[in-house]
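J.: Those protein sequences? They're chains S and P, same order as listed.
If you count the first sequence from 1, position 44 lands on 44 in my numbering, and the numbers rise without skipping.
For any residue, its number in my numbering is found by taking its place in the second sequence, counting from 1, and adding 1000.
For every residue, glycine included, the Cβ atom is placed at its ideal position computed from N, Cα and C.
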Amino acid sequence: MSRWKEKFGVQSVLQALAAPALALLAAFVLSSVVILATGKDPFHAFFVMIDFGSKSDSQVWIINKAIPYYLSAAAVAIGFRMNLFNIGVDGQYRVAAFFAAVVGGALALPGVLQIPVIIIVAMAVGALWAGIAGVLRTTRGVSEVITTIMLNSIAGSLIGYFLSEDKLAVKDGNLFHTPTIPESGRFFLIPTDPDPIYGTVVVAVVIGLAYWFVIGRTRFGFDLRAVGRSESAASASGVSVRRMVVTSMLLSGAVAGLVGIPTLLNKSFSYGTDFPTGVGFTGIAIALLGRNHPFGMALAALLWGFLERTGIQLEFEGYAQEIVGVMQGIIVLCVVIAYEIVRRVVLRRQQREVGAELSARAGAGTEQDGTEQKAGATA
Amino acid sequence: MSSESSGSSTAPPGAGPGPGGSGTAVELRGITKRFPGVVANRDIDITVHRGTVHALVGENGAGKSTLMKILYGMQRPDEGTISIDGEPVTLHSPADAIARGIGMVHQHFMLADNLTVLENTVLGAEKLHGIGARARKKIKELSDAYQLGVRPDALVEELGVADRQRVEILKALYRGARTLILDEPTAVLVPQEVDALFANLRELKAEGLTVLFISHKLGEVLSVADAITVIRRGTTVASVRPQETSPKQLAELMVGSELPTAETRESTVTDVPMLKVEGLRLSATDSDGVRRTVLDDISFTIHKGEVLGIAGVEGNGQAELVEAVMGMSDPDGGTVTLDGQDLTHAPTRLRRESGIGYIPEDRHRHGLLLEAPLWENRILGHVTEKPNTKGPLLGIPGAPQLLALGDARADAERIVAEYDVRTPGIEVTAASLSGGNQQKFIVGREMSHHPKLLIAAHPTRGVDVGAQAQIWDQIRAARREGLAVLLISADLDELIGLSDTLRVMYRGRLVADADPAHVTPEELGSAMTGAASGHLEHQDETTGGDK
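1) Using a cut-off of 8 Å between C-beta atoms, extract the partners of P:G1381 located in chain S.
2) With a threshold of 7 Å on Cβ separation, who are the neighbours of S:V135 within its own chain once the five nearest residues in sequence on each side are excluded?
3) Is the distance from the Cβ of P:I1031 to the Cβ of P:G1086 below 7 Å?
4) So, does the stretch 1493 to 1505 of chain P touch the stretch 1307 to 1327 of chain P, judging by three or more C-beta pairs under 8 Å?
5) Within the continuous alpha helix (DSSP H) that includes S:L71, where are the two ends?
6) According to the neighbour-count rule (16 or more other Cβ atoms, all chains shown, within 10 Å of its Cβ), is S:N174 buried or exposed?
7) Determine, using beta carbons only, whether P:L1259 comes closer than 7 Å to chain S.
8) Run through chain S and tell me which residues come within less than 9 Å of P:H1449, C-beta to C-beta.
9) Apart from the five residues just before and just after S:L36, which ones in its own chain have a Cβ nearer than 8 Å to its Cβ?
10) Helix, strand or coil for P:H1303 per DSSP?
11) Go through its chain and collect everything with a Cβ distance to P:V1089's Cβ below 8 Å, but skip five positions before and after it.
12) Going by DSSP, name the residue or residues bridged to P:E1252.
13) Taking contact to mean at least 3 C-beta pairs separated by less than 8 Å, is the stretch 67 to 84 of chain S in contact with the stretch 222 to 229 of chain S?
14) Helix, strand or coil, according to DSSP, for P:H1049 in the structure here?
15) Starting from the beta carbon of P:Y1358, find every residue of chain S whose beta carbon is closer than 8 Å, and list them in chain order.
16) Pairs of beta-carbons, one from the stretch 309 to 318 of chain S and one from the stretch 23 to 32 of chain S, closer than 8 Å: are there three or more?
17) Could you tell me whether any Cβ in chain S is nearer than 7 Å to the Cβ of P:R1365?
18) If contact means a Cβ-Cβ distance below 9 Å, which residues of the stretch 210 to 226 of chain S contact chain P?
19) Quick check: the Cα distance between P:R1349 and P:H1450, rounded to an integer number of angstroms?
20) Taking C-beta pairs closer than 9 Å, name the residues in chain S that P:R1134 reaches, listed in chain order.
21) Output the residue ranges of the alpha helix (DSSP H) runs that lie fully inside the stretch 1481 to 1531 of chain P and measure 4 residues or longer, sorted by chain position.
22) In terms of DSSP beta bridges, what is P:E1079 paired with?
23) Out of curiosity, what's the CA-to-CA distance linking P:L1056 and S:A133?
24) Rounding to the nearest angstrom, what Cα-Cα distance links P:D1163 and P:L1180 in this structure?
25) Cutting at 6 Å between CB atoms, please list the residues of its own chain near S:V326, excluding the five before and the five after it.
26) Thinking just about the alpha-carbon of each residue, which of P:K1304, P:A1319 and P:I1359 is nearest to the one in P:D1339?
27) Of the choices S:D172, S:K167 and S:T139, whose alpha-carbon is the least far from that of S:F241?
28) Taking three-plus beta-carbon pairs below 8 Å as touching, is the stretch 1109 to 1128 of chain P in contact with the stretch 1152 to 1161 of chain P?
29) Reducing DSSP to helix, strand and coil, say where P:N1041 ends up.
30) Run down chain S in chain order and give the residues with a C-beta less than 8 Å from the C-beta of P:P1400.
31) At a Cβ cut of 9 Å, what residues of the stretch 1329 to 1356 of chain P count as close to chain S, listed as they run along the chain?
32) Taking the alpha-carbon positions, what's the S:R217 to S:H293 distance?
33) Going along the chain, which unbroken runs of the beta strand (DSSP E) with 3 or more residues stay wholly within the stretch 1082 to 1125 of chain P?
34) Have a look at P:R1507 and P:T1268 and give me their C-alpha separation to the nearest angstrom.
35) Taking S:H177 as part of the beta strand (DSSP E), name the residues at either end of that continuous run.
36) Step through the CB atoms of chain S and report whether any lies within less than 7 Å of the CB of P:E1371.
Written as structure tokens, this is what we have:
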């Protein structure tokens, strides 16, 4: 027994370290190969990235960039833990941010009220938009993958319709945007040097803690993970799978609704035609990279920000501007593949050991036959 | 002519190599196949002679289907050799097996409903005889030669089950099969169709083809087979000739020990009803989209301290009955009452909280989260109960309910120790345990919540003998403590040995009841196939009022 314990202990530690190490190494090698193929020096590129990325203004930029990425990843991860693929975070946060901006621009309340109202509107709209997919799946059996993709494009059209001068927007030069949110509705900034960090980083931290707590420590989280691992077992254990699908889509959508908040309340103060898009898809990559883990996703979001920040500098140094996109893709692929490889290797080894153990025991099985008959006789 | 060949072909297993390569169609030596946590086949030795019908019998889960998948190239054995026509072969895929003249008729037919018989037959084998006149001619030839009577232009969706089965046989023959594997071919047929199928098989045999016939219906096996190999718990335990054996002997070989004789044992049955099921009806949509009644007017009562065993051929409504009692499906009519509490339409969680423990038929699908560690599986199904929960956050009513992770872990350790679950620890995934140890863990988990009713569906299926004895002891202990137990099993030995009352289920109805102290497996068997009904042997007074 103790021999087994030891073995499994070493194994699990190796497994925990093997996957990220393998992924990083592979990503590093592959990225170097790609840079070499473009006729440039990869080591200089890495030097530039580290040098530029560690400057203090870069650090602030990266953190501010990572906030919406992290929220988006958390929204996606809630779905992933449930075995649901919410591709619609993109549409959810855009619709949510738009209506939150409209409400925020129309109201002039004290900050303690104005900010919560804006956030609640954003979460409610995001939840509603995602909930459509959840309801369609439970009532009509439509895959959430299809519906959320379609809802993304409906979201775009919906915003496009309302974002005009005679509807809900004002014209500012060539751009349309919603009325600007008054000072009282804006989120605080953390006064760092040279640029401030967005106060909405607090929102991301709160969501991360809540995600960790609800998924890992509560009955609801257990039910959610159980459905994600085996719908049939969860249902036999007493979880209402249909209700859980709708609930988790609503939750995922509510968190998705927060994705636009850092931009809205710390930067743009209105929803305009230049409001960032595509963050929902970035969230999928970050959730994959962070293995749906609250801390892992934080690292992944920061890594993403780092790559985007340093990519700008690489361009100045004469590297192809697409190189960062290529590196991001390589990293995600490497992480996904590395975890799968390690999982399979470990599984196969465990199977072999258990199998060998069993056949060894079956060989000496005569005495067990004896116990069986004895048990039969005691009836 | 065929009787002569069968006479020489049923040599005892020891004389296997004796007849030489010429008479041997298939020879399996030392086949071992392991799956995570179970050994499906161990040291299988079978010699099948050409031109015979060779039956492979064994209980459900004994490893027959795995063995046939190995022979058909769908699985690779971990150890052992396969010889076809005396020549050692390695089969990588069904295509290899087909190339070696092996054909398989699966239990669930693999036909495209919207194509004709001709189209189904040539599908994937277009290279052999084309798709036109040549193919049609070949099909005609085969159909006439073996008296299969198929119509090449009939749409498969218009055919009945027996006709579809003949199409499957034709498909295999069309691909040049000289050895046919039939997996439980009679399970879906009515008796007249079974006779017709057997006539076909004799025809095939007369033409020199070999048939490997998998079944657990002993009467059929004895009537059609030239040789019988018995598989028990993954290994071949005997090869016998049908002339020299009886259904009783075969049954004993299958279950592994002498069938229990009528034992006098202390009855713990009380007259306090625990579970009352009355007039339960359920209909479900089957795979063809037809609405069928799967539970028809089911009524029974289980008292405190009573084990009610339900016998039946699989697929006669036992699984649906369990689902209706567990609340996984909502009945169309009738009532389910547990200890005076009406649970007919209650959700599963409430039923579990009210005291139903559940050992599911398919532990991988319904009893465990395979990829989760053992201690999380301790929580599964009892997330609202102590020791897994510690109430709402900060004691505020309505706040999120917290898990008591430490207590759950400690209790998982206790279950592992008390129920002798052989595992390196509670952090390993449930999937890495063997079937028997998974099952012991489930039994331990369910018993830890002191249920009033325990539903045990095939509790010892696919578990090793040591675990089986322990699980039986647990069920007996539960009964002594006054639990009501609903036992569903395909293992007649288990049913007779554990039950206080036996009911037989056939086509969604409880058609017969029996006193386990006096009934024999054969009598039960005949009721299971619908041949007998009513009271078998002595009537048991405790359930007499239900019919």
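T.: Short version:
1) A236, S237 and G238
2) V246
3) It is not a contact, given that the beta carbons lie outside the stated cut-off.
4) yes
5) S56 to R81
6) Classification for S:N174: exposed.
7) Its pLDDT being 46, under 50, P:L1259 is placed unreliably by the model, and nothing is read from it.
8) Chain S residues near P:H1449: none, gap ~12 Å exceeds 9 Å.
9) P42.
10) In the structure shown, P:H1303 sits in a strand (DSSP, three-state: E or B).
11) I1082, S1083, D1096 and R1100
12) DSSP output for P:E1252 lists no bridge partner at all.
13) yes
14) strand
15) A236
16) Taking a cut-off of 8 Å on C-beta distances, the stretch 309 to 318 of chain S does not touch the stretch 23 to 32 of chain S, as fewer than three cross pairs fall below it.
17) yes
18) F213, V214, G216, R217, T218, R219, F220, G221, F222, D223, R225 and A226
19) 15 Å
20) Going along chain S, no residue has its Cβ under 9 Å from P:R1134, so there is no contact; the nearest lies around 44 Å.
21) 1492 to 1498 and 1521 to 1528
22) Bridge partners of P:E1079: P:T1032.
23) If I take the Cα positions, the gap works out to 50 Å.
24) 17 Å
25) V34
26) P:K1304
27) Position check: residue 241 of chain S holds Val in this sequence, whereas Phe was assumed. It is S:T139.
28) yes
29) strand
30) V214, T218, R219 and F220
31) Against chain S - using a Cβ distance shorter than 9 Å - the residues of the stretch 1329 to 1356 of chain P are P1347, T1348, R1349, L1350, R1351, R1352 and E1353.
32) Their Cα atoms are separated by approximately 14 Å.
33) 1087 to 1089 and 1102 to 1105
34) 31 Å
35) Looking at the DSSP string, the run of the beta strand (DSSP E) that includes S:H177 is L175 to H177.
36) yes
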